[in-house]
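**Student:** If you scroll down you'll find the structure; I have some questions about it.
There are 2 protein chains.
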Amino acid sequence: MPDFDAALCPRYHRAVEIIGRRWSGSILRVMLSGATRFTDIKHAVPDLSDRMLSERLKELEAEGLVVREVTSSTPVRIDYRLTPMGEALGPALDAIGAWATRWIELPEAPAERA
Amino acid sequence: MPDFDAALCPRYHRAVEIIGRRWSGSILRVMLSGATRFTDIKHAVPDLSDRMLSERLKELEAEGLVVREVTSSTPVRIDYRLTPMGEALGPALDAIGAWATRWIELPEAPAERA
Chain A
24 MPDFDAALCP
34 RYHRAVEIIG
44 RRWSGSILRV
54 MLSGATRFTD
64 IKHAVPDLSD
74 RMLSERLKEL
84 EAEGLVVREV
94 TSSTPVRIDY
104 RLTPMGEALG
114 PALDAIGAWA
124 TRWIELPEAP
134 AERA
Chain B
24 MPDFDAALCP
34 RYHRAVEIIG
44 RRWSGSILRV
54 MLSGATRFTD
64 IKHAVPDLSD
74 RMLSERLKEL
84 EAEGLVVREV
94 TSSTPVRIDY
104 RLTPMGEALG
114 PALDAIGAWA
124 TRWIELPEAP
134 AERA
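Residue numbers (the working numbering), protein chains in the order written: chain A, 24 to 137; chain B, 24 to 137.
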């Protein structure tokens, strides 16, 4: 049984904090699936407001996970792209997704269509 | 580029919420490393108070990740053990740890002894 690596702890704690901030995990997952536009990200995450998405994207940008790319067309096009640091979160978020699929039961099943 | 699986979203969101709650990710990691006693867990996680650890353990118990095991010796011995659901988080938390080691830089390096 390995000892807990205390030296890793502050880094790990920070990582969990970044991923775990309300909505950030879901926003990152949607972006890993290829969404780059504000409205596409917003629509893929239930109950996420414009304001909250905007705030989270700014935080993820400040943390180095996301870059905001402005294309000077008419109208101006804005894309949010994952940096290599952001892309590198893929395996961790996939592992969380796999765990969630296996273990999390939702209090009320959403309506499902066959 | 796969579409975001919207059906997974509420489960995934809940999983991120469980792991991401302040200290929970670190507490789970310490428990995955084998710590079962309150004081051992507490000492392995910097800045974690008794009160916060107690609260988090109760939440993790309510969520089915942890069981509290009482052994009627003198004095009574209490161990906190991960359930299969809790143990199953290992790969996800390891992946977060690997990402953190590679990508997270700490604002101030902690004092290190050779």
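All C-beta atoms, glycine included, are put in the ideal place defined by N, C-alpha and C. Small disclaimer: the values here were computed from a predicted structure and weren't measured.
Can you tell me which residues form a DSSP beta bridge with R60(B)?
**Tutor:** On the second sequence, position 37 is the one that residue 60(B) refers to. Answer by DSSP bridge pairing: none, since R60(B) is not bridged.
**Student:** Under 8 Å Cβ-Cβ, which residues of chain B neighbour M108(A)?
**Tutor:** One-based indexing of the first sequence puts residue 108(A) at position 85. Per Cβ cutoff of 8 Å: W126.
**Student:** With a cut-off of 8 Å, does the C-beta of V99(B) fall near any C-beta of chain A?
**Tutor:** Reading the second sequence from its first residue, position 76 is the one you call residue 99(B). No, no contact with chain A.
**Student:** Between which residues of its own chain and E86(A) is the CB-CB distance below 7 Å, once the five residues before and five after are set aside?
**Tutor:** For the purposes of this step, residue 86(A) is identified with residue 63 of the first sequence, where counting begins at 1. Counting only Cβ-Cβ distances below 7 Å, and skipping sequence neighbours, we find I41.
**Student:** Please confirm if I50(A) has its CB atom under 8 Å from at least one CB of chain B.
**Tutor:** Residue numbering aside, residue 50(A) sits at position 27 when the first sequence is read from its first letter. So no, I50(A) is outside the interface.
**Student:** Give me the chain A residues within the contact set of R44(B), using Cβ-Cβ distance strictly less than 8 Å, ordered along the chain.
**Tutor:** Working through the second sequence from its first residue, we reach residue 44(B) at position 21. What R44(B) touches in chain A: G43.
**Student:** In the DSSP output, what is L105(A) paired with across the bridge?
**Tutor:** By 1-based counting over the first sequence, the position of residue 105(A) is 82. Paired residues: V89(A).
**Student:** Rounded to whole angstroms, what's the CA-CA distance from H36(A) to I64(B)? Just pull it up for me.
**Tutor:** Position 13 of the first sequence, counting from 1, holds the residue named residue 36(A). Position 41 of the second sequence, counting from 1, holds the residue named residue 64(B). Answer to the nearest angstrom: the Cα atoms are 15 Å apart.
**Student:** Under DSSP, the alpha helix (DSSP H) around L55(B) begins and ends at which residues?
**Tutor:** Locating residue 55(B) in the second sequence gives position 32, where the first residue counts as 1. Element bounds for L55(B): 47-55.
**Student:** Can you pull the chain B neighbours of L129(A), defined as C-beta to C-beta under 9 Å?
**Tutor:** Along the first sequence, read from residue 1 onward, the residue named residue 129(A) stands at position 106. Neighbours of L129(A) on chain B, chain order: P33, R34, R37.
**Student:** Counting C-beta neighbours from all protein chains within 10 Å, is the total for V89(B) 16 or more, i.e. buried, or is it exposed?
**Tutor:** Stepping through the second sequence from its first residue, residue 89(B) is reached at position 66. Buried, by the Cβ-count rule.
**Student:** Look up A137(A) in the DSSP assignment and say whether it is helix, strand or coil.
**Tutor:** Locating residue 137(A) in the first sequence gives position 114, where the first residue counts as 1. Because A137(A) carries a pLDDT of 49, less than 50, the predicted location of this residue cannot be relied on, and no value is offered for it.
**Student:** Which residues share a DSSP beta bridge with V94(B)?
**Tutor:** Translated into positions along the second sequence, residue 94(B) becomes position 71. According to the sequence provided, residue 94(B) is Thr. The question's Val does not apply to it. R100(B).
**Student:** How about L83(B) and S49(B): are their beta carbons less than 8 Å apart?
**Tutor:** Locating residue 83(B) in the second sequence gives position 60, where the first residue counts as 1. Locating residue 49(B) in the second sequence gives position 26, where the first residue counts as 1. Going by C-beta atoms, L83(B) is not nearer than 8 Å to S49(B).
**Student:** Answer with buried or exposed for W122(B), where buried requires no fewer than 16 other C-beta atoms within 10 angstroms of its C-beta.
**Tutor:** Here residue 122(B) refers to the residue found at position 99 when the second sequence is read from its first residue. Under this definition W122(B) is a buried residue.
**Student:** Would you say V90(B) lies against chain A (beta-carbon separation less than 8 Å)?
**Tutor:** Looking up residue 90(B) in the second sequence gives position 67. With 8 Å as the cut-off, V90(B) does not count as an interface residue toward chain A.
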